[in-house]
Amino acid sequence: MKKQLICVIAVAIFYCLRLNAQEKESIIKSWQIEPTFNFRFFNISGVAEGETIDFLNYPEYPSGEPFYYAFLGFSGKILFINSIKTEFEAGIYDHGDPALLQFNAIYYPKKNMGISAGAMLFSYLSNDFSSFHQKKYPDFQGDLHGNFQQRTRYYSAYFAGVEFGYPGNKMNVSLKLQAGIGGHHSFEEKIQQKRIHSNYKEVLHYNTDYHLFPVFYPVFEFQQQLIDAKALTMGISFRGSLFYTFTAVDYQRTRYQWTIQDPEVLEIISKKHHFWKADGSLGFYLRW
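For the sequence shown, this note's numbering begins at 17 and goes up steadily by one.
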């Protein structure tokens, strides 16, 4: 799913560049590029532990406590003469994972109102989830598979909505009210355990499902022009967004005892969590 979303965004960007190369004077009204400094806050509510693991109880910091990231990003906008605008945002964490990939298309039937649609992908870290097994199975020595301290979790969403704006000569303000669907990408994990003072071994294999849940995604943007050099306009911008969903990670757990023969298979329906993400960015834009 992650690869498909990246391909869709890449194709959309390539199409816009191709239009510009072929008929720039007749189709493209303006371009804008913008390096950004981004900051992000997460808060994933915790739920009571049950008989089986809930992966959303193990974000990078203790469940229920907010945590944040900072990363560098880049955004670009293309305004067409037919009242259509495309927007692209990308960012990367210092550990190399994609912080954000997003594509938006907006049609403006009126000067101060637009209809938007888009898609996004972001990631965060899941930390020390193997501690569940150490508490649940105290008679076992776990983590024989190694390196279960941290994993990257990916989330994608598709949304649409309306944009209200104040396009002034030097100052631009806009607010997008958007909603849609999104979900965690599927992943697999495997825990090997050995009973202490015994030769008994077992393997727990987790294979999660991809489910879609409703999302709410408003975005606010402010731009202030600083320099107008006729062919080139420069300025600063601030962008803020709030992403909220009520989500869960369901999975299939397969338990192998002694050998891979006759496994025990369970379908696990996890409890839903409140999932918040707040993004902010400061940037310096160039428009021509």
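Quick reminder that beta carbons are idealized off the backbone N, C-alpha and C, glycines included.
Please read all numbers here as calculations on a predicted model, not as lab measurements.
DSSP three-state call for H213: helix, strand or coil? Here residue 213 refers to the residue found at position 197 when the sequence shown is read from its first residue. Of the three classes helix, strand and coil, the one that applies to H213 here is coil, per DSSP.
Does the stretch 203–212 touch the stretch 226–243, meaning 3 or more C-beta pairs lie closer than 8 Å? no
Could you tell me the distance, in whole angstroms, from the CA atom of A133 to the CA atom of W304? What you label residue 133 is simply residue 117 of the sequence shown in a count that begins at 1. What you label residue 304 is simply residue 288 of the sequence shown in a count that begins at 1. Annotation: A133 to W304 spans about 25 Å, alpha carbon to alpha carbon.
So is I94 buried or exposed if we call it buried at 16+ other beta carbons inside 10 Å? Numbered from its first residue, the sequence shown carries residue 94 at position 78. It is buried - the Cβ of I94 has at least 16 other Cβ atoms within 10 Å.
My output table needs one value for K288: the three-state DSSP class, helix, strand or coil. Here residue 288 refers to the residue found at position 272 of the sequence shown. Three-state result, K288: coil.
H201: first and last residue of the uninterrupted beta strand (DSSP E) it sits in: Position 185 of the sequence shown, counting from 1, holds the residue named residue 201. Element bounds for H201: n/a, residue is neither H nor E.
Straight-line Cα distance separating K45 from P82: For this step, residue 82 is matched to residue 66 along the sequence shown. For this step, residue 45 is matched to residue 29 along the sequence shown. Here the alpha carbons of K45 and P82 stand approximately 42 Å from one another.
My assumption, with CB atoms under 8 Å, is that M129 sits in contact with V178. Please give the rounded CB distance. Residue numbering aside, residue 129 sits at position 113 when the sequence shown is read from its first letter. Residue numbering aside, residue 178 sits at position 162 when the sequence shown is read from its first letter. Indeed they touch by this definition, with Cβ atoms about 7 Å apart.
Please check the pair S142 and Q166, which I expect to be a contact at CB under 8 Å, by giving their CB distance rounded to whole angstroms. Reading the sequence shown from its first residue, position 126 is the one you call residue 142. Reading the sequence shown from its first residue, position 150 is the one you call residue 166. Contact flag correct, Cβ pair sits at about 7 Å.
Are the stretch 219–227 and the stretch 269–278 in contact at 8 Å, needing three or more beta carbon pairs? Judged by Cβ distances under 8 Å, the stretch 219–227 makes contact with the stretch 269–278, as three or more pairs qualify.
Please go through the same chain and pick out, in chain order, the residues whose beta-carbon is closer than 8 Å to the beta-carbon of I284, but skip the five residues on each side of it. Numbered from its first residue, the sequence shown carries residue 284 at position 268. Excluding residues within five positions, the ones whose Cβ falls inside 8 Å are T68, D266, Y267, Q268, R269.
Does DSSP put L242 in a helix, in a strand, or in coil? For the purposes of this step, residue 242 is identified with residue 226 of the sequence shown, where counting begins at 1. If DSSP states are grouped into helix, strand and coil, L242 belongs with the strands.
For I97, count the other beta carbons within 10 Å of its own beta carbon; 16 or more makes it buried, fewer makes it exposed. Which is it? Along the sequence shown, one-based indexing puts residue 97 at 81. Flag for I97 reads exposed.
Which stretch, first to last residue, makes up the alpha helix (DSSP H) that contains F145? Here residue 145 refers to the residue found at position 129 of the sequence shown. First-last for F145: undefined, no H or E at that position.
Nearest neighbour of E103, chosen from Y123, H111, P279, Y109 [CA to CA]: For this step, residue 103 is matched to residue 87 along the sequence shown. Of the candidates Y123, H111, P279, Y109, the one whose C-alpha sits nearest the C-alpha of E103 is Y123.
Quick one: residues in its chain with C-beta nearer than 6 Å to the C-beta of E237, no 5 flanking neighbours on either side, listed in chain order? The residue labelled residue 237 in the question sits at position 221 within the sequence shown. Answer for E237: S190, R255, listed in chain order.
How many Å lie between M250 and G296 at the Cα? Translated into the one-based positions of the sequence shown, residue 250 becomes position 234. Translated into the one-based positions of the sequence shown, residue 296 becomes position 280. When rounded, the distance between both Cα atoms is 20 Å.
Roughly how many angstroms lie between the CA atoms of A121 and K101, to the nearest whole one? Stepping through the sequence shown from its first residue, residue 121 is reached at position 105. Stepping through the sequence shown from its first residue, residue 101 is reached at position 85. Between A121 and K101, the C-alpha separation is close to 6 Å.
Buried or exposed for V235, going by 16 or more other Cβ atoms inside 10 Å? Position 219 of the sequence shown holds residue 235. Answer is buried; the Cβ neighbour count reaches 16.
Buried or exposed: which applies to E50, given that a residue is buried once 16 or more other Cβ atoms fall within 10 Å of its Cβ? Mapped onto the sequence shown, residue 50 falls at position 34. If you draw a 10 Å sphere on the C-beta of E50, you find 16 or more other C-beta atoms in it, and that means buried.
Could you work out which residue in K288, F180, F148, K192 is closest to Y74 when comparing CA atoms only? Here residue 74 refers to the residue found at position 58 when the sequence shown is read from its first residue. Looking at the Cα atoms, F148 is the closest of the given residues.
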